[in-house]
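Let me begin by presenting the structure, written as structure tokens, before commenting on it.
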Amino acid sequence: MKEYKNTGSKDTRSGFGAGLTELGKTNENVVALCADLTGSLKMDEFKANHPERFFQVGIAEANMIGMAAGMTIGGKIPFTGTFANFSTGRVYDQIRQSVAYSGKNVKICASHAGVTLGEDGATHQILEDLGLMKMLPGMTVINTCDYNQTKAATLAIAEHDGPVYLRFGRPKVANFTPEDQKFEIGKAVKLYEGTDVTIIATGHLVWEAIQAAVELNEKGISAEVIDIHTIKPLDEEAIIESAKKTGCVVTAEEHNFLGGLGESVARTLALNHPTPQELVATQDTFGESGTPAQLMDKYGLNAAAIIKASEKVLKRK
1 MKEYKNTGSK DTRSGFGAGL TELGKTNENV VALCADLTGS LKMDEFKANH PERFFQVGIA
61 EANMIGMAAG MTIGGKIPFT GTFANFSTGR VYDQIRQSVA YSGKNVKICA SHAGVTLGED
121 GATHQILEDL GLMKMLPGMT VINTCDYNQT KAATLAIAEH DGPVYLRFGR PKVANFTPED
181 QKFEIGKAVK LYEGTDVTII ATGHLVWEAI QAAVELNEKG ISAEVIDIHT IKPLDEEAII
241 ESAKKTGCVV TAEEHNFLGG LGESVARTLA LNHPTPQELV ATQDTFGESG TPAQLMDKYG
301 LNAAAIIKAS EKVLKRK
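In full-length UniProt numbering, the protein residues as written are 1 to 317.
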């Protein structure tokens with residue numbers, strides 16, 4: 001099997017910051033808005049380099065979305081930044097009415113998603129944001145897995161015409177995708193070829209899926225691993241092709257099993273190629289306070305859970 005190496009753990013939010021900094025230098029239409037979390041979103045360098053294109057709106061997320069929508073009318077490409085909970089749940093009406101309904105070119109960039117923001121607790125964690133955003137017509141939904149991929153995605157969405165939700169996280173995680181990668185919106189990335197089971201993962205669970213595949217291989221189980229960084233539009237062709245080959249599927253995500261990647265994959269399979277599937281995700285629950293590792297373990301969002309689900313689904317073939 002190919003060996004994927006962690007070139008140095010980094011937080012995905014820093015990948016966003018690096019991408020935004022580069023865009024500031026290369027695209028004069030890019031503007032940035034933040035809801036009092038400049039440091040947490042790693043937007044400091046953009047602010048320092050382009051103060052005339054940075055807008056600190058304070059703790060007024062709804063106003064931030066409205067401002068961003070208005071800026072697009074003048075040809076600007078606004079990137080909004082705050083925690084995922086405040087980027088979606090708190091401002092859903094404004095996103096629906098001012099951005100999605102009218103197809104405004106706003107890039108909603110959300111950090112501290114899932115349970116891995118840890119000790120901030122359940123009120124700041126969000127496990128339903130992918131579902132909220134993918135249900136909005138015309139909204140592109142992206143959930144990146146490491147620093148390099150997040151930076152590449154940040155650059156790519158600036159070239160995409162239309163509203164985008166870009167989701168990333170707080171903790172330092174393995175950085176294993178190529179630094180010079182070409183990020184293609186809506187295009188899955190096959191990390192391992194396999195014949196026995198397909199593991200489809202997104203976000204922080206992609207690295208866990210890689211670890212699971214290695215352990216499964218040692219047990220004589222050949223796992224195909226697919227990185228789905230774009231939840232919408234979903235690469236249905238890649239999913240169906242793999243399911244036809246392996247005959248069973250496991251999905252893995254740091255999100256509620258209701259409304260996330262797993263549901264999108266299940267719908268795709270049900271309509272095109274019915275296939276046994278197991279979902280590694282939170283089970284209709286809120287999070288709680290704890291370290292990222294403790295919470296990922298408690299809610300079954302790790303390699304061990306993916307291995308267990310793979311062995312279970314293999315019995316259903």
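C-beta atoms are modelled at their ideal positions from N, C-alpha and C, and glycine is treated no differently.
Rounded to whole angstroms, the separation of the alpha carbons of residue 207 and residue 265 is 19 Å.
In the three-state reduction of the DSSP assignment, residue 127 falls in the coil class. With a cutoff of 9 Å on beta-carbon distance, residue 139 and residue 232 are scored as near each other. As DSSP reads the structure, residue 78 sits in a beta bridge with 31. A direct Cα-Cα distance of roughly 31 Å separates residue 313 from residue 112. A distance below 7 Å between beta-carbons, with the five flanking residues on each side excluded, links residue 195 to the following residues of its chain, in chain order: 222, 245 and 246. Every alpha helix (DSSP H) stretch that sits fully inside the segment 236-269 and reaches 4 residues is listed by chain position as 236-246.
In its chain, beyond the 5 residues on either side, 268, 269, 272 and 273 have a beta carbon closer than 8 Å to the beta carbon of residue 240. Measuring C-alpha to C-alpha distances from residue 249 to each of 124, 315 and 286 identifies 315 as the nearest. For residue 93, the secondary structure class from DSSP, reduced to helix, strand or coil, is helix. Rounded to the nearest whole angstrom, the C-alpha separation of residue 126 and residue 88 is 9 Å.
Taking C-beta separations shorter than 6 Å and ignoring five residues to either side along the sequence, the partners of residue 278 in its chain run 250, 309, 312 and 313, following chain order. Around the C-beta of residue 107, 16 or more other C-beta atoms lie within 10 Å, and the residue is accordingly described as buried.
Taking a C-beta distance under 9 Å as the contact criterion, residue 191 and residue 254 do not qualify as a contact pair. Excluding five sequence positions before and after residue 81, the CB atoms of its chain that fall closer than 6 Å to its own CB belong to 34, 41, 43 and 109, given in chain order. Three or more beta-carbon pairs separated by less than 8 Å are not found between the segment 17-26 and the segment 59-72, which leaves the two stretches without contact. Here DSSP, grouped into helix, strand and coil, assigns residue 223 to strand.
Assigned with DSSP and collapsed to three states, residue 101 falls in coil, not helix or strand. Your pair residue 31 and residue 53 checks out as a contact, with CB atoms roughly 5 Å apart and the cut at 8 Å. Residue 215 sits in a helix when the DSSP states are folded into three classes. With distances taken between CA atoms, residue 36 lies nearest to 60 out of 22, 60 and 45. Distance from residue 176 to residue 146 at the Cβ level is roughly 6 Å; contact confirmed, criterion being Cβ atoms closer than 8 Å. Judged by their CB atoms, residue 29 and residue 77 are nearer to each other than the 9 Å cut-off. As DSSP reads the structure, residue 279 sits in a beta bridge with 251. In the three-state DSSP reduction, residue 56 falls in the strand class (E or B). Under the three-state reduction of DSSP, residue 13 is assigned to helix.
Nearest to residue 93 by alpha-carbon distance, out of 220, 115 and 136, is 136. For residue 173, the closest C-alpha among the options 149, 243, 164 and 162 is that of 149. Cβ contact annotation for residue 209 (same chain, cutoff 7 Å, sequence separation greater than five): 199, 201, 225, 252 and 306, in chain order.
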